[in-house]
Structure formats: C-alpha cells, structure tokens
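Numbering (the numbering used here), first residue to last: 147 to 520.
Ideal Cβ positions, reconstructed from N, Cα and C, are used throughout, including at glycine.
Owing to the predicted nature of the structure, the values given are computational and were not obtained by experimental measurement.
Below is the structure:
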C-alpha cells in the first residue's frame with residue numbers, strides 16, 4: 147500500500163522483504179507445493195521474531211507494533227507476503243491473536259496467546275464464509291449441559307486447518323452467535339484436508355461431534371457475539387486485500403518488464419498501442435485497489451463508524467479488480483503465461499482464492515447496503 151510510512155514502518159517493510167527473500171522466496175514456495183505444511187521448518191518461528199503475529203496484540207499480552215498502529219503495520223507485512231506468494235498462516239493467526247488479546251478468557255490469554263505470538267502454535271479462524279454467523283446460521287450448534295457446552299456441526303472450509311493447533315469457531319447458542327476456541331486434538335474434532343485451488347495454502351473441513359467445551363473456551367463472553375465477529379471480519383478483510391494488492395502489484399511489475407523485454411516484429415511488444423492501452427487500464431485498476439485498501443486500513447484501525455462499509459467496499463472492488471489484473475497480465479504474456487513453469491498461474495490462483503475468502507465481492511456489496519440501511 148502507498149501509505150505515508152514512518153521511518154519505523156519503512157524499516158519493517160524492508161526487513162520483511164529481506165526475510166522473505168532469504169527464508170522463503172518463490173522458488174522455495176514452489177519446491178514445497180506438495181509438502182504437508184507448505185513452508186520451511188523454522189519459517190513461523192523466524193517470522194514471529196519479526197513480530198508478524200504480535201502486531202494486533204496488546205503490549206500487556208506480549209504484543210506491540212513498530213508504529214503503534216498495528217493494523218497498518220500488519221497490512222504492510224501482508225503486502226510483502228502477497229508479492230512473494232508466502233505460504234503458511236498469517237491472516238487467521240493475526241485475527242485469532244487479536245481476538246484473544248481483546249476478548250479472550252484469562253486461561254486463553256495465559257495458555258494459548260503466547261504460543262501464537264511466538265509462532266510456536268498455529269491458530270485458525272473458521273469464518274472463511276462470513277454468511278455463516280453474520281447473515282445466516284452459524285455452522286455449529288452449541289448446546290448447554292451440566293458440564294458446559296457441546297459443539298456439533300461442520301465448518302466446510304477452514305484456512306490452515308490441517309496445520310492448526312487451535313481453531314476459533316462461531317456457534318449458535320440460544321439464537322446468539324458465540325465463538326469458541328477449540329483444540330484440534332480435542333475428542334470429537336475431525337479435520338479433513340482439502341485440495342485447494344491456491345497451491346501455496348492449506349485448508350480443511352472441520353467437523354465437531356459433541357465436542358465438550360466450557361465457559362473459559364468462549365472468546366468474547368461478555369460482548370455482543372455478532373459485533374465481535376463483524377469487527378474481526380473487518381480486520382481479516384483488510385489483511386486479505388492488502389495481501390492481494392501486494393500480489394497484483396508484483397504481477398503487474400513483472401508484466402510491464404516482460405512487455406519491455408519481449409521483442410516482436412523488431413520492437414518491444416510494450417511499444418504497440420493496443421498493449422499500451424491495456425497496461426494503462428491495468429495500472430489504473432491497481433492504483434484504485436491500492437487506494438481502497440489504504441482507506442479501509444485507516445478506517446478499521448481508527449474504528450471509524452464507516453469502517454465495516456469501507457472494508458467491504460475494498461473487498462468487493464479488489465476481489466473483482468484482482469482477477470481482471472491477473473487475466474490481463476496473462477494476456478500480455480501470451481502462451482508462456484499458460485505454462486506450469488511460469489509463476490503467473492500461482493498469482494492468479496492466489497487472487498482467485500483471496501476473492502472467495504472472507505466473503506465474495508457480491509456478499510460484501512450486499513453488506514455495504516445492509517450497513518447503509520438499504
């Protein structure tokens with residue numbers, strides 16, 4: 147994002163780029179496409195040392211950010227991650243860390259949050275489809291018994307589920323939405339790995355068969371569950387679209403350079419008027435995407451009354467624009483862009499997955515209308 151960066155934020159961005167180039171460049175990402183986790187052994191630990199999972203956590207819980215604006219700092223990291231197609235958990239980890247820091251029970255803050263911040267524990271958020279819990283029935287049902295609660299149901303798609311130690315999942319309890327933090331090795335929890343379009347990521351289906359939980363497993367017990375969910379969704383959307391525009395910016399740069407280097411009829415193909423117009427249109431879509439993400443990040447960080455509307459507007463616009471940009475770059479590359487060896491298809495896969503995660507463009511357009519009272 148083209149934010150007005152402080153010196154500390156510029157250092158964070160540059161340090162993140164150097165770390166990614168050293169620890170997990172795209173060549174390494176490719177080599178791990180068939181790996182069970184998809185990222186190097188010490189990747190999470192090293193990224194946690196840079197504060198990747200502490201940016202949205204309160205200082206009293208071991209968190210903090212370089213600028214004091216954790217969401218914008220996290221968006222900078224997300225942009226770099228997108229540009230280099232980084233694998234592994236990030237958005238979900240930060241959402242869960244943020245939720246535990248703000249709404250977690252004392253046990254969760256003491257026993258789970260430190261491991262997430264340190265990159266020693268993987269946490270996933272089971273709200274890839276926000277219609278489950280915000281504008282529809284929650285995927286799980288919670289029933290109360292003498293010992294606490296029982297969770298039953300299935301979350302069809304949960305990013306990072308196959309590698310997660312904990313899952314934050316919404317459930318319907320007495321016509322209210324409540325979130326529970328559940329260990330993936332708890333009795334009655336079954337995780338089934340899914341084949342996903344974005345080969346750099348992992349996802350799974352998670353079923354709950356009468357899983358026993360208690361009041362200490364509730365996140366946000368004293369808060370409005372729907373409001374908590376909506377706020378977490380705004381954070382997830384900002385980080386997701388920041389990652390998307392980082393990927394699209396990188397793909398566009400590669401495409402422009404290709405148009406300069408590729409010679410046809412004795413001239414660089416970028417000198418032909420038709421391609422000039424196409425690249426100009428793609429550039430405009432990219433700049434508008436960057437601006438929408440910046441506006442959303444500022445609004446959500448400051449808890450502006452229009453934060454949810456701007457987050458959804460950014461998700462809707464970037465979701466559509468990213469596919470147009472990726473397809474346009476594919477057309478400029480021609481036949482070479484369709485090959486497995488070229489990285490272009492990995493960026494297209496990332497854009498397609500990001501478009502669907504945390505609500506489709508059409509769902510977010512409807513959300514903007516609902517928030518406006520239309």
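Contact check for residue 284 and residue 278: beta-carbon distance about 6 Å, within the 8 Å limit, so the pair qualifies. Listed as beta-bridge partners of residue 232 by DSSP are no residues whatsoever. In this structure residue 308 touches residue 350 by the C-beta definition: roughly 4 Å separates them, less than 8 Å. For residue 372, the three-state secondary structure derived from DSSP is helix. The Cβ atoms of residue 352 and residue 296 do not sit closer than 8 Å to each other.
The continuous alpha helix (DSSP H) containing residue 162 extends over residues 153–169.
Three or more Cβ pairs closer than 8 Å define a contact, and the region 484–499 falls short of that threshold against the region 410–418. Residue 515 is bridged by DSSP to nothing; it lacks a bridge partner. Excluding its 5 nearest sequence neighbours in each direction, residue 302 has C-beta neighbours in its own chain below 8 Å: 275, 285 and 351, listed in chain order. Residue 328 and residue 363 do touch by the CB rule: their CB atoms are close to 7 Å apart, below 8 Å. If you compare the alpha carbons of 325, 340, 298 and 367 with that of residue 333, the shortest gap goes to 298. With fewer than 16 other Cβ atoms from the protein chains shown falling within 10 Å of its own Cβ, residue 343 counts as exposed. Three or more Cβ pairs closer than 8 Å define a contact, and the region 502–520 meets that threshold against the region 454–462. Minimum Cα-Cα distance from residue 370 among the listed residues 339, 221, 318 and 240 corresponds to 318. For the 8 Å CB-CB criterion, residue 381 and residue 202 form a contact.
Selection 365, 455, 453 and 497 evaluated against residue 470 yields 497 as nearest (Cα-Cα). Collapsing the DSSP output to three states places residue 411 in coil.
Between the region 426–443 and the region 259–270 there are fewer than three inter-stretch CB-CB distances shorter than 8 Å, so the stretches are not counted as touching. A distance below 8 Å separates the beta carbons of residue 230 and residue 171. Residue 437 places its beta carbon 8 Å or farther from that of residue 456. Using a 10 angstroms sphere on the CB of residue 223, the tally of other CB atoms reaches 16 or more, which defines it as buried. Pairing residue 249 with residue 365 gives a Cβ-Cβ distance under 8 Å.
Counting the other Cβ atoms within 10 Å of the Cβ of residue 175 gives 16 or more, which makes it buried. Residue environment analysis places residue 247 among the buried positions, since at least 16 neighbouring C-beta atoms fall within 10 angstroms of its C-beta.
Restricted to the region 217–304, the beta strand (DSSP E) segments that are unbroken, complete and at least 3 residues in length are 269–271 and 286–291, listed in chain order. Each of 219, 394 and 384 was checked against the Cα of residue 467, and the nearest Cα belongs to 394. Counted as a single uninterrupted DSSP element, the beta strand (DSSP E) harbouring residue 313 occupies residues 312–319. Straight through space, the alpha carbons of residue 253 and residue 162 are spaced by roughly 32 Å. If you draw a straight line from the Cα of residue 416 to the Cα of residue 477, it comes to about 13 Å. Annotated as distal: residue 385 and residue 472, with beta-carbon spacing of 8 Å or more.
Counting along the chain, residue 347 sits inside no beta strand (DSSP E), nor does DSSP assign it H or E at all. Taken through DSSP and simplified to helix, strand or coil, residue 183 comes out as coil.
It is roughly 43 Å from the alpha-carbon of residue 179 to the alpha-carbon of residue 518. Scanning its chain for C-beta atoms nearer than 6 Å, with the 5 sequence neighbours on each side dropped, one finds around residue 439 the residues 147, 387, 388, 391 and 460, in chain order. A direct Cα-to-Cα measurement between residue 192 and residue 320 gives close to 43 Å.
When beta bridges are read from the DSSP output, residue 358 appears opposite 296.
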